[in-house]
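Structure record follows, encoded as structure tokens.
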């Protein structure tokens with residue numbers, strides 16, 4: 052069964068705090084994606100990972116293939132980071148469609 | 051970077067009417083288009099997958115006669131909600147995959163919020 056679990060579901064942080072969002076999956080994947088969904092609904096792809104670590108500005112994504120776990124970190128958080136962050140995995144044997152986590156709703160307070 | 055233009059962003063329609071949602075890949079060829087639906091506070095759920103020039107593959111529980119998908123060209127896919135009902139009110143979003151870029155080639159549209167009254 053292709054399951055994707057995220058934690059926490061909701062997260063409130065003070066501006067400037069370091070934030071970590073976690074994602075676990077149950078079976079081997081071809082790729083893991085971190086997505087950002089703003090209140091209006093539009094989705095932006097932040098990272099695509101198949102191994103290791105990636106960094107873009109204040110965002111860092113890591114993945115541990117053996118442990119089937121990924122983390123998204125936000126350094127020096129800002130109110131504009133407030134959004135829902137979604138972990139999604141794709142499997143080669145299912146035509147690379149996405150399986151989504153339920154998302155982490157992040158609110159950064161000034 | 052790759053952009054998928056999705057229109058309309060919001061639509062309100064009366065029960066029984068049909069609504070068409072368009073997704074266009076602006077600067078790449080979308081060999082595969084995924085259509086998702088999202089209810090409030092829930093995760094995105096895959097409705098169907100379409101490859102250019104082929105019939106769409108629908109997920110279990112999704113009525114293909116109700117949700118008509120057309121992917122006639124490499125830059126345009128449409129989802130038509132036919133005979134809309136209030137329970138079809140939802141957020142619909144497409145994701146296009148550029149085949150040559152493999153796992154790197156996914157781009158999401160901005161979504162369409164459909165309200166059926």
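Chains as they are written, first to last, in our numbering: chain A, 52 to 161; chain B, 51 to 167. Where a beta carbon is used, it is the ideal one built from N, C-alpha and C, also for glycine. The structure displayed is predicted, hence computed values, not measured ones.
Proximity of residue i and residue j at Cβ, strictly below 8 Å
| i | j | result |
| --- | --- | --- |
| residue 59 of chain B | residue 160 of chain B | yes |
| residue 125 of chain B | residue 75 of chain B | yes |
| residue 72 of chain A | residue 150 of chain A | no |
| residue 159 of chain A | residue 133 of chain A | yes |
| residue 158 of chain B | residue 54 of chain B | yes |
| residue 84 of chain B | residue 88 of chain A | no |
| residue 96 of chain A | residue 107 of chain A | no |
| residue 90 of chain A | residue 155 of chain A | no |
| residue 165 of chain A | residue 123 of chain A | The structure shown has nothing for residue 165 of chain A, since chain A only spans 52 to 161. |
| residue 144 of chain B | residue 56 of chain B | yes |
| residue 86 of chain A | residue 143 of chain A | no |
| residue 111 of chain A | residue 100 of chain A | no |
Partner residues on chain A for residue i, Cβ-Cβ distance less than 8 Å
| i | result |
| --- | --- |
| residue 93 of chain B | 137, 151, 152, 153 and 154 |
| residue 158 of chain B | 86, 93, 94, 95 and 96 |
Per-residue contacts from residue i into chain B (C-beta, under 8 Å)
| i | result |
| --- | --- |
| residue 65 of chain A | Under the 8 Å cutoff, chain B gives no residues; its nearest Cβ is about 25 Å from residue 65 of chain A. |
Minimum Cβ-Cβ distance from residue i to chain C less than 8 Å
| i | result |
| --- | --- |
| residue 96 of chain B | In the structure shown, chain C does not exist; the protein chains are A and B. |
Per-residue contacts from residue i into chain A (C-beta, under 7 Å)
| i | result |
| --- | --- |
| residue 165 of chain B | Here the premise fails: no neighbours, minimum Cβ distance about 13 Å. |
| residue 141 of chain B | 92 |
| residue 130 of chain B | Under the 7 Å cutoff, chain A gives no residues; its nearest Cβ is about 20 Å from residue 130 of chain B. |
Where residue i meets chain A, residues with beta-carbon distance less than 9 Å
| i | result |
| --- | --- |
| residue 161 of chain B | 88, 91, 92, 93 and 94 |
Against chain B, which members of the stretch 113–129 of chain A pass a CB distance test of less than 8 Å?
none
Note down, one range per segment and in chain order, each beta strand (DSSP E) of at least 3 residues found wholly within the stretch 72–101 of chain B.
82–88 and 94–101
Check distances from the C-beta atoms of the stretch 80–96 of chain A to those of chain B and list, in chain order, the residues that come in under 9 Å.
81, 82, 84, 86, 88, 91, 92, 93, 94, 95 and 96
Taking Cβ-Cβ distances below 9 Å as the criterion, which residues of the stretch 73–87 of chain B are in contact with chain A?
82, 84 and 86
When you compare the stretch 108–128 of chain A with the stretch 61–78 of chain A, are there three or more beta-carbon pairs, one atom per stretch, that lie closer than 8 Å?
Enough Cβ pairs lie closer than 8 Å, so yes.
Does the stretch 105–123 of chain B come into contact with the stretch 60–67 of chain B, if we say contact requires no fewer than three beta-carbon pairs (one atom in each stretch) closer than 8 Å?
The stretch 105–123 of chain B vs the stretch 60–67 of chain B: no contact.
Length at least 4, wholly inside the stretch 105–129 of chain B: the alpha helix (DSSP H) runs in chain order:
none
Which whole runs of the beta strand (DSSP E) in the stretch 93–122 of chain A are 3 residues long or more, in chain order?
94–100, 103–107 and 110–115
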